[in-house]
Amino acid sequence: MSVSPKKSGLKTFKPGDVLFNEGDNADSLYIIQRGQIRLFRPKGRGFVEIAVLRAGEVIGEMAFFDQKARRRSCSASAMVTTDMVEISFTAFEKTMEGLNPWFKTIINTLADRLRKTNERIKELESNSLGYGKAGKVADYKFFQSNDVIRVLSLIYMAMKTHGEELDGVHTLHMNILKFYSSDIFNVQDVKFEEFFLLLKDEGYLELNEDDDGALKLIQMANPERIKFLMSFLHNQRRADESKKMKISYKCELFIKKIIDQITLSGVKGKAVECDISAILADFKATNTVINEADLKDAIDQGLCDDLVVGDNNRIIANVNYDQMVKMFPAIKLMNAIERANETKNK
2 MSVSPKKSGL KTFKPGDVLF NEGDNADSLY IIQRGQIRLF RPKGRGFVEI AVLRAGEVIG
62 EMAFFDQKAR RRSCSASAMV TTDMVEISFT AFEKTMEGLN PWFKTIINTL ADRLRKTNER
122 IKELESNSLG YGKAGKVADY KFFQSNDVIR VLSLIYMAMK THGEELDGVH TLHMNILKFY
182 SSDIFNVQDV KFEEFFLLLK DEGYLELNED DDGALKLIQM ANPERIKFLM SFLHNQRRAD
242 ESKKMKISYK CELFIKKIID QITLSGVKGK AVECDISAIL ADFKATNTVI NEADLKDAID
302 QGLCDDLVVG DNNRIIANVN YDQMVKMFPA IKLMNAIERA NETKNK
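Numbering of the sequence shown is given in my numbering, commencing with residue 2 and proceeding in unit increments.
See the structure below:
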């Protein structure tokens, strides 16, 4: 029974969708119409980042010229919602057959040279990951502390130098930020792109349309928050393990509820009483598996006092509201980075 050739056409990939994995059988190439694609190669517990491709660029063409194997030389996944035209190798081969022989020879020669370069790069990848004790591969982290601090630094510097402020909103064009990232800080494209998306998804900044209708206008309320995050992560990196702030994700959710409750009351200060029982009731009503024990990290960090049972068996706690509000953006970012690294490590 013969297998019908793959059909060409427009396809849409959501963020995180994998186009193909290294070693997969290949029967088509792609032309990016809109969006961004990350090229990478799995290695040990982590990945070797190769490139970020954008609109107008081609993916998967190398497998066409590798007549013997016809397998993918790396993995590819969508970083944002991405539209691509998929062209089957059958259709592409018909186009190649129509070319002048000398032009076809040039294309094949260039492809062969590029493939040999890729093989050479693969030989040098042994230094791409860190090693732990006894020569074992260390736990892979896509977002290393120094990567994150550099991106936060360039965002703060670019916003303070070139940003415009109107009615409390600071605005900067993405083109300026890209210049700082690539030409000044020399940050790897994929690290910058994915961390910027993380900041946007977590609400640290917004991306709106510029005068040309492109989503390239970066807006934030207070650039000093970026500076604070940068300073916090720098101190975390330098601190002894026993002195680093560690707040679980469940504790983060608990802290957010506490902040919301006290903010609504209009009270501020370093010792504000919070109705913990009401928060636990909210968690129970939404089937969120969080209990009073999950607040331990906040207690250990001095963000609130030990829980006590008050009148009518209500659980209450005195909260350092001012410090909790100050530290929450850093706690939230720290946990978002950890979740992103865990996802990349799967």
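Even for Gly, the Cβ is constructed at its ideal location relative to N, Cα and C.
{"Query": "Throw me the rounded Cβ distance for the residue 64 and residue 78 pair, which I believe falls under 8 Å.", "Result": "Between residue 78 and residue 64 the Cβ distance is about 17 Å, and since that is not below 8 Å, they are no contact."}
{"Query": "Does any residue of chain B have a CB that is nearer than 8 Å to the CB of residue 56?", "Result": "Given the protein chain composition of this structure (a single chain), no chain B is represented."}
{"Query": "By how many angstroms is the C-alpha of residue 270 removed from the C-alpha of residue 44?", "Result": "50 Å"}
{"Query": "Quick one: what does DSSP say residue 309 is sitting in, helix, strand or coil?", "Result": "strand"}
{"Query": "From what residue to what residue does the beta strand (DSSP E) around residue 195 run?", "Result": "Looking at the DSSP string, residue 195 is not in any beta strand (DSSP E); the run it does join, the alpha helix (DSSP H), is 190-202."}
{"Query": "Ordered along the chain, which non-local residues of its own chain (more than five positions away) have a Cβ less than 6 Å from that of residue 153?", "Result": "227, 230, 231"}
{"Query": "Using 8 Å for Cβ pairs, my map puts residue 39 next to residue 23. What's the rounded Cβ distance?", "Result": "Between residue 23 and residue 39 the Cβ distance is about 13 Å, and since that is not below 8 Å, they are no contact."}
{"Query": "In the DSSP assignment, find the beta strand (DSSP E) that holds residue 217 and state where it starts and stops.", "Result": "216-221"}
{"Query": "Return helix, strand or coil for residue 13, following the three-state DSSP convention.", "Result": "strand"}
{"Query": "Helix, strand or coil: which one does DSSP assign to residue 296?", "Result": "helix"}
{"Query": "Around the Cβ of residue 296, are there at least 16 other Cβ atoms within 10 angstroms (buried) or fewer (exposed)?", "Result": "buried"}
{"Query": "DSSP three-state label for residue 78, please.", "Result": "strand"}
{"Query": "At which residues does the beta strand (DSSP E) containing residue 37 begin and terminate?", "Result": "37-44"}
{"Query": "Within the continuous beta strand (DSSP E) that includes residue 185, where are the two ends?", "Result": "Note, residue 185: premise wrong, no beta strand (DSSP E); not H, not E."}
{"Query": "In terms of residue numbering, what span does the beta strand (DSSP E) encompassing residue 317 cover?", "Result": "316-320"}
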